[in-house]
Amino acid sequence: MGMALVNLAPGVWTSAEILRLAGIRFPVRVGVFRLGNGSLMLISPTPRVGELAAEISALGPVSAIVEPNALHHLGLAAARAAFPAARTFGPRGLARKISGQPLPEPLVDAPGVPWSGAVEPSSSTARRARCG
Numbered sequence: 269m270g271m272a273l274v275n276l277a278p279g280v281w282t283s284a285e286i287l288r289l290a291g292i293r294f295p296v297r298v299g300v301f302r303l304g305n306g307s308l309m310l311i312s313p314t315p316r317v318g319e320l321a322a323e324i325s326a327l328g329p330v331s332a333i334v335e336p337n338a339l340h341h342l343g344l345a346a347a348r349a350a351f352p353a354a355r356t357f358g359p360r361g362l363a364r365k366i367s368g369q370p371l372p373e374p375l376v377d378a379p380g381v382p383w384s385g386a387v388e389p390s391s392s393t394a395r396r397a398r399c400g
């Protein structure tokens, strides 16, 4: 079955899939958020996010791809391939999991982030990202 975006609220979409690792099924989902400037931010892209590229692009340009922690890295390469103009962000700890790929910008303290003024990480997320 093909993937599809589900509109949750104005400017907020998601799509879910099942990731199978070592025989275990994990439900995963990508979040798509419209920012104030009309561009989009992807949070935790899934490995099959490329299948949604046309549907996402129809909503607007993707300006940011965000990996909120070092556990959500399996969809990063697919998201970068589907949206090569987007800036990517992630915690420092992500570097050891994505060898062979360019490192993302730091999730915390990156200058001029596309989501500035629209999304603010929680203090616990910010602390974990710094420790990442």
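Numbering-wise, the sequence shown is residues 269 to 400 according to our numbering. We put the beta carbon where it would ideally sit given N, CA and C, even for glycine.
Residue i, DSSP secondary structure in three states
i	result
S325	helix
L342	coil
R407	Lying before the first or after the last residue shown, residue 407 is absent from the chain, which here runs from 269 to 400.
W349	Residue identity check: residue 349 is Ala in the sequence provided, not Trp. A349 falls in the helix class under three-state DSSP.
G361	helix
Pairwise C-alpha distance: residue j and residue i
i	j	result
S325	L289	29 Å
I333	M309	6 Å
C-beta contact flag for residue i and residue j at 8 Å
i	j	result
G280	S307	First, the residue type needs correcting, since residue 280 is Val and not Gly in the sequence shown. No, the Cβ-Cβ distance between V280 and S307 is not below 8 Å.
G304	T282	no
P315	N337	no
V274	L287	no
Proximity to residue i [Cα-Cα], best of the options
i	options	result
A354	P313, L342, G361	P313
Residue burial classification, residue i (beta-carbon count within 10 angstroms, cutoff 16)
i	result
P278	exposed
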